[in-house]
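Accompanying notes for the structure given below.
In the numbering used here, the protein residues as written are 45 to 120.
Right, dumping it as structure tokens:
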């Protein structure tokens with residue numbers, strides 16, 4: 045997960061959901077804002093403690109998780 049160095053997961057922060065740099069801002073919240081039609085600029089204005097790269101990394105992380113597949117292994 046080195047490629048996602050701005051994404052943190054800690055059980056004591058937002059119940060272990062993926063967050064931005066240990067803050068109480070989840071990847072889901074950022075993706076939801078973009079999905080609702082807000083621009084990156086609007087998100088940065090609403091959350092001035094975020095950086096542009098935080099938003100782009102949240103989107104890349106969400107895309108990576110969406111492509112992740114779980115393969116069930118069965119005993120022969």
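All residues carry an ideal CB built from backbone N, CA and C; glycine is no exception.
**Prompt:** Whole-angstrom Cβ separation of residue 77 and residue 87, contact assumed at under 8 Å?
**Reply:** 5 Å
**Asked** CA-CA distance, residue 56 and residue 63?
**Response** Going from the Cα of residue 56 to the Cα of residue 63 covers about 11 Å.
**Message:** On the CB-based measure, 16 or more other CB atoms within 10 Å of its CB, does residue 49 come out buried or exposed?
**Reply:** exposed
**Identity of the residue in 46, 67, 95 nearest residue 54 by Cα** = Comparing Cα positions, the closest option is 67.
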